[in-house]
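Per my numbering: the sequence shown = residues 12 to 198.
One structure is given below, encoded as structure tokens.
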Amino acid sequence: LKESPIEASDKLTFKEYAYKESTLLSNKYTVTGLNANRGEEISFTQTLDTQSIEKGIDYHKVMELIDFNMRDIESIQAFVESLESAGEIGKGVVEPEIIKKSLNHPLFDKVRKGTSRREQEFIYYAPACEVLDGVQTDDYTLVQGIMDLLVEGEENILIDYKVSGAPIDTLRARYARQIELYSKAYE
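Right, here's the structure in full:
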């Protein structure tokens, strides 16, 4: 075979792929992961020690299982002790007084009047540009998560349990994106 010379007009040229951003997307994201990918949240979670994480998990477990009509300290104390005895939570981690304060908050008056859905799992399809910071593409991706408490009634309420010593404004700012994504999932 004889090689033919390549003419200048025959050379291959490459253009930048117009949908490169789409190739960098994942098929699915979790709400927690989306929230953690924000700068402030990453530095916050890296400073949590194992004891703080376990404390948050134990408080969450109590709120997941407790009867919201339980409002007196004796009943709450007995419930917490029953979870400790069953090995559901660590001994002495959850302070019943904090649970009492939560259940006696005016927001829980509304909770008691509505229909509660605890640990409500969801998955929804959303344009990537709506859920990912700095992304322009409107290609769709899956968003998955679990809402701690969704209450349907005269007013729909979404509650995400947090255990923190941070000021309320800091927590609102830190978790606003998470709540926003939960709200979109509910719609």
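Glycine included, each C-beta is placed from N, C-alpha and C at the ideal position.
For residue i, tell me which candidate among the options has the shortest Cα-Cα distance.
i, options, result
"N115", "R82, L169, Y28 and V73", "R82"
"G67", "L35, Y172 and V162", "Y172"
"E99", "V73, A89 and E106", "V73"
"P138", "L23, L36 and L76", "L36"
"A29", "P117, Q147, E75 and L143", "Q147"
"I157", "Y40, F90, I179 and R123", "Y40"
"K111", "Q88, K31 and S175", "Q88"
"D149", "S33, L23, F25 and K26", "S33"
Buried or exposed, going by whether 16 or more other CB atoms sit within 10 Å of the CB of residue i?
i, result
"Y70", "buried"
"T126", "exposed"
"E65", "exposed"
"L160", "buried"
"T152", "buried"
"N167", "exposed"
"I84", "exposed"
"I170", "buried"
"L45", "buried"
"L143", "buried"
Since residue i and residue j should fall inside the 8 Å C-beta cutoff, what is the C-beta to C-beta distance between them, to a whole number of angstroms?
i, j, result
"V162", "L192", "With 8 Å as the limit, V162 and L192 do not qualify as a contact, their Cβ atoms being about 18 Å apart."
"E75", "E130", "6 Å"
"Y135", "A196", "5 Å"
"F90", "I77", "6 Å"
"G164", "K124", "6 Å"
Contiguous beta strand (DSSP E) assignments of at least 3 residues, all confined to the segment 99-172: As for any beta strand (DSSP E) of minimum length 3 sitting wholly inside the segment 99-172, the runs are 126-138, 151-163 and 168-170, ordered along the chain.
May I have a chain-ordered list of the beta strand (DSSP E) segments no shorter than 3 residues that lie completely inside the segment 22-48? You should have 39-41.
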